[in-house]
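Counting with the working numbering, you get residues 15 to 1150 for the letters of the sequence shown. Input: a single structure, listed below in structure tokens.
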Amino acid sequence: MGLLEVVVEEFLSMFSAGGRSFGCPENSGAAGTYYDAVPRRLIVSNHNLSTDTDTLLLEFPNQPLWTNVYVENHAKASVPLLWSRVQVQGQLHLSCGAVLSFGLAHYASSEFELMAEELLMSDSVIKIYGALRMSVKVHLMWNSKMLIDGGGDSLVATSLLEASNLVVLKESSVIHSNANLGVHGQGLLNLSGPGDLIEAQRLILSLFYSINVGPGSVLRGPLENASDNDVTPRLYCERQDCPMELLHPPEDCNVNSSLPFTLQICRVEDIIVEGLIEGSVIHFHWVRTVVVHCSGMISASGLGCTGGVGRGKVFSNGLGGGGGHGGNGGDGYYNGSYIEGGVAYGDADLPCELGSGSGNVSLPGATAGGGIIVMGSLEHSLSSLYVNGSLRSDGQNFGENIKKGDDRIISNMGSGGGSGGTILLFIHTLAFANSSRISAAGGYGSPNGGGGGGGGRVHFHWSDIPIGDGYLPIASVEGSIYTGGGLGKGQGRAGENGTVTGKACPKGLYGIFCKECPIGTFKNVSGSDEALCYNCPSHELPHRAIYIAVRGGAAESPCPYKCVSDRYHMPHCYTALEELIYTFGGPWLFGLILLGLLILLALVLSVARMKYVSADELPALVPPRRSSRIDHSFPFLESLNEVLETNRTEESQNHVHRMYFNGPNTFSEPWHLPHFPPEQVIEIVYEDAFTRFVNEINGLAAYQWWEGSVYRILCILAYPLSWSWLQRQRKKKLQRLREFVRSEYDHACLRSCRSRALYEGLKVAATSDLMLAYVDFFLGGDEKRTDLPPRLHQRFPLSLVFGGDGSYLAPFSLHNDNILTSLMSQSVPPTIWYRLVAGLNAQLRLVCCGHLRITLGSVVGWLETHANPTLCTYGVRIDLAWFQPTACGHRQFGLLVCASEDESVPTSVEGVDGSSFPEHLSRTRRGNLPDHLGASEHLIPCKKIFRGILHAKNLQKLQEKRAICYPFSFIIHNTKPVGHQDLVGLVISALLLGDISLVLLTLLQMYSISLQDFLLVLCILPLGILFPFPSGISALFTHGPRRSAGLARVYALWNITSSINVVIAFICGFFHYKSKKHVNFQSWNFSMDESEWWMLPSGLVLCKIIQARLINRHVANLEIQDHSLYSNDPNVFWES
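This is the structure in structure tokens:
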């Protein structure tokens, strides 16, 4: 039917088709054409009638171009003119079984051009005989085929399909060429699903933004079953050198038959493979990312050489060895003889060879080696490769049943397996999933004894491997990489394994994937062998350090390491203490330097001390004049020495009675006076007013609750501070009582009008330790009584209470003042009395709580040997006595002064201390009194306070309560002086400096253990470990022996209290190190963090014990500067 040009109204339906054939229904007439002039469209349709006759379409007009051309409904259209062009302004649409052919089937020697905006194919076929140059924007295929027959003519062997925007194949669509085919585009190439196929003998895909090979889709080059007439790519099977184009491919991505590639994807951003990409030589060039999903595969298996460099040798019957490549092929076996497999060839560090086959090319069942898969190039590497599927270039296995052309099965011969091919990856990063596989394995030999093929080669050529701090892992490999040799069947031998290599890694990295060298090794050369990661020298690793991983691996020695704990410091992993020690040359040199420095500083301190305080202590170095019986050496009597120079006769002559306060003046038991006046003052006071006076005094003497609370808190936190707080409050209390009696109280209790008017007659005083206070009663001068005040012998027996409590800080002492001296001078010369008091106080210093039975026995013995023999010549005797304990158990000791046996006493006698005795008792010796402690029943007026006289027998019955601090009394206690005060001061200075040095070193050691241990040692007791040094310096540089001795006692108290902190240090160290296993170091080695951790705390304890003993001697030297006070010879004592 000719061309029909009509103008059709819109409401008319027109079509043209060939007539039906009743004789051959499958071959109706050819399709007609319908041209619509207004839209300039051509429709070729056969109204769904099948036909074998083509509708000829000759030249398409150029001016104006047809807008659209439709070939549909089983129409067959043909463009038979050679070298013709089909150009459409819009769509070229084929559908519903349509067929469009270009050229002549038996004369495929021309080239055709197809140009359109869109090429849409649905259930249709395009056939090209010759070459096709297609240029469209969109190419969509639905269950359609494009078949290109190159015809074997090299002039028209290359077809180019260009779709600038989109190429989509769906529903088993096929683009097939038996020659060279190039598919170019700028958008997406999508093979959507099963059956979609693009294949050619040589296939080039380029310039697409993305290529997606869907599940079941295939990209293939060369053809799977190519005929002899197809253009077959020539493989370089006999070459042992690498084609330059594999490593340095051309940049233009054009189809070139001279190139070795059979399938190349060039200049594509992303490739997603869920189907199959198959070819002999597959190359990805200028590709950014390749993703192979679990269903995807890129394969060159069995597409290499049948012969090749490594082909196996063959017996005359066709049975042979396997092909060789990465490894030698397996030997074939037949009838007791072996024939060699193919040899290995190629470069493992940069492989680019095809796998070799069995070699028996002319025989049925010949096997081929694996092909080549190359991704990237030396200049342009692949950015990322993600493999969840497989990359394969395996050698071909021998088939068990192979048929000849005459259908006879040959089962008594067979070749060896093909060798594995090459997988060469120029990539930057690789992600290799668990189920993935990269394989270049050898093929299996024939069951009759064929040898297995040798394994192929896999090489990872990494580009731009980051090093040092910029290193990031370039590969995450969880799948398998296999290059094993194929198994030989029968008695044939297996092929050798192939190679898996990587680019030589830079320093610090090793292996195929350039991983960081293992911890504890370093690599300072380029290479991939794990043996290049040398073990780090053990002598360069501190014994408290462990090797650590560093980014980029260790590139040099010494290897990077870190200390096992943050408390150790780089680079030697020393503790802070050890850093200090080794900064000065090590333990021994540090110890010598420290010792020398301590001695030097001690000498400086000693010289400075001598110059600073010598003015006060110099008189003590001059012995007293023998003509004077006044003792200048005892500090407790320093005020009495001044008394001799002051006239207080009037005050002494008016003294009536001394009334002692009860209680030790503590927060729990403050001072208090009895509410009833003693008999000695009944006649000079009003009883009711006296009771009111006592109530006021007792109220003022009591402490507030918060004062006791502060004291108890300080006792727990810092006992020396609690003692200072107690003394401070005691002093304030004494000043308050004195002020009250002197200026606030109206003395209403006194009968004397003069005393009430002048606020005289009462005076409050206390001992220097502020533990014993008393009220003195004086006459006003208007009493007009001649029997007052009583004389000394009228006051016998006279009770003199000791101050202090026998503790280290408050030793017992007899308080002497001008009143007592004036009173005793009535019988005993003052110089004798002064000397007696000095000697007695020297003995009382040695009395220690917790050891009263022993130490008081020494006092009793001294009274019998030194005191009483001299006093008896003056008619006076003194005995050690003890008095009624208070309600809280405070026990007071003192002297009982009475007349000796041979002294005649006036008949009119009256006591002044609260005791009155019958006249016959005043002459009675102590021996005539009962020995038991209840002697007070003979001293009726004294029974309220007096308990008895102490002597050697009843001392053993004395009950003592030992406090929790009793063990410390063995360390700090009052001792006799040793002299050599400057030497003792020098040693104490050295020990004081040594103490603070050991304290600082111990704290540094605890800080090295942990901040928690450091705070525990420092705060339990709070800062107690630091206070001995300032208190010691204060004691050494204080003016005056009395004040210096008091501060030295506080220094001793801080010193012994700080031992609690040292105990905490021991506990912390023990719990820290008990679980540690220490290496047995040499005996001369020193490490404060190992088994010798206890040395510093132990040295500190020893230093504190020695300090305590020396402080005892130092205090004794300050308080007792006359050593004759401790003379065992009474004559020496009294003559000094």
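Glycine included, every Cβ here is placed at the ideal spot set by N, Cα and C. If you're wondering where the values come from, they're calculated on a predicted model, not measured in any experiment.
{"Check": "Could you tell me whether the Cβ atoms of Pro1151 and Pro263 are closer together than 7 Å?", "Outcome": "The structure shown does not extend to residue 1151, since the chain spans only 15 to 1150, so no value can be given for it."}
{"Check": "Give a yes or no on whether the C-beta atoms belonging to Gly356 and Gly324 are separated by under 7 Å.", "Outcome": "yes"}
{"Check": "I'd like to confirm the pairing. Which residues does DSSP put opposite Phe474 in its beta bridges?", "Outcome": "Leu439 and Gly516"}
{"Check": "Helix, strand or coil for Ala489, going by three-state DSSP, please let me know.", "Outcome": "strand"}
{"Check": "Taking the alpha-carbon positions, what's the Glu701 to Pro692 distance?", "Outcome": "10 Å"}
{"Check": "Taking Cβ to Cβ, would you say Gly335 is nearer than 7 Å to Ala358?", "Outcome": "no"}
{"Check": "Since Gly46 is in the beta strand (DSSP E), which residue starts that stretch and which ends it?", "Outcome": "Gly46 to Asp50"}
{"Check": "So, for Trp1068: in the same chain, excluding its five sequence neighbours on each side, which residues have a beta-carbon less than 6 Å away from its beta-carbon?", "Outcome": "Pro734, Phe1041, Pro1042 and Ser1045"}
{"Check": "Return the CA-CA distance between Phe791 and Lys777, expressed in angstroms with no decimal places.", "Outcome": "7 Å"}
{"Check": "Assuming the contact rule is C-beta atoms closer than 8 Å, His583 and Glu570 should be a hit. Round their C-beta distance to whole Å, please.", "Outcome": "22 Å between Cβ atoms; not a contact."}
{"Check": "Inspect the beta-carbon positions of Leu134 and Val150 and report whether they are closer than 7 Å.", "Outcome": "no"}
{"Check": "Alpha carbon to alpha carbon, how far is Thr680 from Arg976? Give it in angstroms, no decimals.", "Outcome": "18 Å"}
{"Check": "Can you have a look at Ile562 and say buried or exposed, based on whether 16 or more other CB atoms are within 10 angstroms of its CB?", "Outcome": "exposed"}
{"Check": "Measure from the alpha carbon of Gly326 to the alpha carbon of each residue in Asn402, Ser313, Gly466 and Glu774, then state which is nearest.", "Outcome": "Gly466"}
{"Check": "Report the CB separation of Gly522 from Gly567 in whole angstroms; it is logged as a contact under 8 Å.", "Outcome": "3 Å"}
{"Check": "Just the C-alpha distance for Ser1150 and Gly853, rounded to the nearest angstrom, thanks.", "Outcome": "11 Å"}
{"Check": "Would you kindly work out how many angstroms separate the C-alpha atoms of Gln410 and Lys503, rounded to a whole number?", "Outcome": "14 Å"}
{"Check": "Return the CA-CA distance between Glu933 and Val890, expressed in angstroms with no decimal places.", "Outcome": "Caution applies to Glu933, whose pLDDT of 37 falls short of 50 and renders its modelled position unreliable; the value that the coordinates give is listed next. Spanning the two alpha carbons is a distance of roughly 15 Å."}
{"Check": "Alpha carbon to alpha carbon, how far is Glu710 from Arg750? Give it in angstroms, no decimals.", "Outcome": "12 Å"}
{"Check": "State the DSSP-derived secondary structure class of Leu174, mapped to helix, strand or coil.", "Outcome": "strand"}
{"Check": "Whole-angstrom Cβ separation of Gly775 and Leu784, contact assumed at under 8 Å?", "Outcome": "With a Cβ gap of about 24 Å, Gly775 and Leu784 do not count as contacting."}
{"Check": "Tell me whether Gln105 sits in a helix, a strand or coil according to DSSP, three-state version.", "Outcome": "strand"}
{"Check": "Starting from Thr303 and walking both ways along the beta strand (DSSP E), at which residues does that stretch end?", "Outcome": "Val295 to Val306"}
{"Check": "With burial defined as no fewer than 16 other Cβ atoms inside 10 Å of the residue's Cβ, what is the status of Ala622: buried or exposed?", "Outcome": "exposed"}
{"Check": "Could you give the first and the last residue of the continuous beta strand (DSSP E) run that contains Ile387?", "Outcome": "Ile386 to Met389"}
{"Check": "Thinking C-alpha only, which one of Gly677, Thr81, Gly469 and Phe412 is nearest Asn2?", "Outcome": "In the structure displayed, the chain extends from 15 to 1150; residue 2 sits before or after that span and is not available."}
{"Check": "Output yes or no for whether 7 Å exceeds the beta carbon distance between Ile212 and Leu233.", "Outcome": "yes"}
{"Check": "What did DSSP end up calling Leu405 once you bin it into helix, strand or coil?", "Outcome": "strand"}
{"Check": "Would you report the Cα separation of Pro75 and Tyr48, rounded to the nearest angstrom?", "Outcome": "16 Å"}
{"Check": "What would DSSP say about Trp1159, mapped onto helix, strand or coil?", "Outcome": "Missing from the structure shown is residue 1159; the chain here goes from 15 to 1150 and no further."}
{"Check": "Let me check one thing: in DSSP terms, what residues is Asp361 bridge-paired to?", "Outcome": "Per DSSP, none; premise fails for Asp361."}
{"Check": "Once you ignore the five residues that flank Ser231 on each side, which residues in its own chain have a CB closer than 8 Å to its CB?", "Outcome": "Leu183, Leu205, Ser206, Gly207, Pro208, Gly209, Asp210, Leu211, Glu288, Gly289 and Leu290"}
{"Check": "Measuring CA to CA, which of Ser460, Ala445 and Trp476 is closest to Ser391?", "Outcome": "Trp476"}
{"Check": "Could you check the C-alpha separation between Glu40 and Ser92 for me, to the nearest Å?", "Outcome": "19 Å"}
{"Check": "Given this structure, state the Cα-to-Cα distance separating His153 from Glu354, to the nearest angstrom.", "Outcome": "53 Å"}
{"Check": "Which residues share a DSSP beta bridge with Asp535?", "Outcome": "The sequence given here places Thr at residue 535; Asp does not occur at that position. Asn549, per the DSSP bridge assignment."}
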